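Data first, discussion second: the structure below is written as structure tokens.
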Amino acid sequence: MEFITRAFKTVNLQEFGTVSTPDLAFTYDLNCPHKRQYVLRMCIREPHKEFTIPDELLWVKDLVLQANQVQLSAGIKHAYCYITIRHGEHTAVTEDIWHTDGYSEVLTHIPEQNYIVTSNDCTEFVTLPIIFPRDFNTSKHDVVEYIDKVVTASDTTIQQALPNEVRVFDPYVIHRRPPGAFGKERTFVRVTFVPIEICDDACTPNPLLAPKFYNRSADTTRCTLQQYRS
Numbered sequence: 508m509e510f511i512t513r514a515f516k517t518v519n520l521q522e523f524g525t526v527s528t529p530d531l532a533f534t535y536d537l538n539c540p541h542k543r544q545y546v547l548r549m550c551i552r553e554p555h556k557e558f559t560i561p562d563e564l565l566w567v568k569d570l571v572l573q574a575n576q577v578q579l580s581a582g583i584k585h586a587y588c589y590i591t592i593r594h595g596e597h598t599a600v601t602e603d604i605w606h607t608d609g610y611s612e613v614l615t616h617i618p619e620q621n622y623i624v625t626s627n628d629c630t631e632f633v634t635l636p637i638i639f640p641r642d643f644n645t646s647k648h649d650v651v652e653y654i655d656k657v658v659t660a661s662d663t664t665i666q667q668a669l670p671n672e673v674r675v676f677d678p679y680v681i682h683r684r685p686p687g688a689f690g691k692e693r694t695f696v697r698v699t700f701v702p703i704e705i706c707d708d709a710c711t712p713n714p715l716l717a718p719k720f721y722n723r724s725a726d727t728t729r730c731t732l733q734q735y736r737s
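Positions 508 to 737 (the numbering used here) are the ones given, in order, by the sequence shown.
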């Protein structure tokens, strides 16, 4: 699988210059027992501990365990695991832009892996290599804005996952929610294995773990970044 060859290299802009596809890991039937459920990056495993999954999320426990087995089989042993669930009408607007998950150079680290599965109107992705300008500064310039601009201006082929396919998206796989999915009933689940803690107050707290406060939000931080202008 391609994500394994990238899993042990420090996150860097140069890797975007190669073709990155979301590997198909396995399939999983999504059967959410709730009318609506919205969970954003809830921590379900801390370093040196077992998974701690609240009762209302146990319907995805097997998905988490299967994804974890893929990780271990690849020799990847990240300390943290987070879960994101969006079940019901999808109304977030920022998910329609081309982006990647987990790209950051704030701390030196190896890539995270995101196991993503959707019930319908599945995630779109492109395999367009992107060469960033030599003077692109990730602490100053918005990586997502640049990626979206390049992909939107290109004539690259847009591909799409199938329902119930669990695919692995690392920080180099460019993807988006299909624009036509806005306002539709849809189930989306993302299991994130990451080597460092996600220090973001926007994360949904896990009621079974001690509460943490970071005085930081990734959305607020991104608002300080600028568009790259050549």
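Ideal Cβ positions, reconstructed from N, Cα and C, are used throughout, including at glycine.
Since the model is a prediction, treat every value here as computed from it, not as a measurement.
When the Cα atoms are used, what is the spatial distance from residue i to residue j?
i	j	result
Q666	T711	31 Å
G740	F515	Residue coverage of the chain in this structure runs from 508 to 737, which leaves residue 740 outside it and unanswerable.
I590	V518	22 Å
T731	V613	14 Å
F510	Q620	8 Å
P618	V571	18 Å
T663	L715	45 Å
Y653	P540	39 Å
R693	D603	14 Å
H682	I703	23 Å
From what residue to what residue does the beta strand (DSSP E) around residue i run?
i	result
N621	620-625
E631	631-633
E563	Segment: none, E563 is in no beta strand (DSSP E) and carries neither H nor E.
I681	681-683
Between the options, which lies nearest to residue i when the distance is taken from Cα to Cα?
i	options	result
T598	Y545, C588, S724, P640	Y545
A660	F510, F533, A586, W605	W605
P686	N538, D562, F632	F632
H562	F695, R548, N713	The identity of residue 562 in the sequence shown is Asp, whereas the question assumes His. With distances taken between Cα atoms, D562 lies closest to N713.
Q573	V624, R513, V651	V624
A717	T559, H541, E692, Q734	T559
V567	L547, N538, A532	N538
V657	P636, A688, N644	P636
C588	N671, D628, L547, G690	L547
H648	Q734, E704, R684	Q734
I638	D603, R684, I681, Q521	Q521
R750	T634, P554, R593, H585	Residue 750 cannot be examined here, being either before or after the span of the chain that is shown, 508 to 737.
P670	D569, A586, T630	T630
Mind checking residue i: buried by the 16 CB within 10 Å criterion, or exposed?
i	result
R697	buried
D536	exposed
Q578	buried
T607	buried
S646	exposed
R552	buried
T615	exposed
S737	exposed
D628	buried
S580	exposed
V673	buried
How is the alpha helix (DSSP H) around residue i delimited, first residue to last?
i	result
V567	Element bounds for V567: n/a, residue is neither H nor E.
E553	Element bounds for E553: n/a, residue is neither H nor E.
K656	650-660
Does residue i come within less than 8 Å of chain D when only Cβ atoms are used?
i	result
I681	Considering every chain present, this structure includes no chain D. It has just one protein chain.
Legend entry - 3-residue-minimum beta strand (DSSP E) runs that sit fully inside the segment 576-604, ordered along the chain: 587-596
Inset, instruction - Write down every uninterrupted run of the alpha helix (DSSP H) in the segment 509-551 whose length is 4 residues or greater and which is fully enclosed by it, in chain order. - result: 509-513
Legend entry - Ranges of the alpha helix (DSSP H) found wholly within the segment 663-734, counting only runs of at least 4: 725-729
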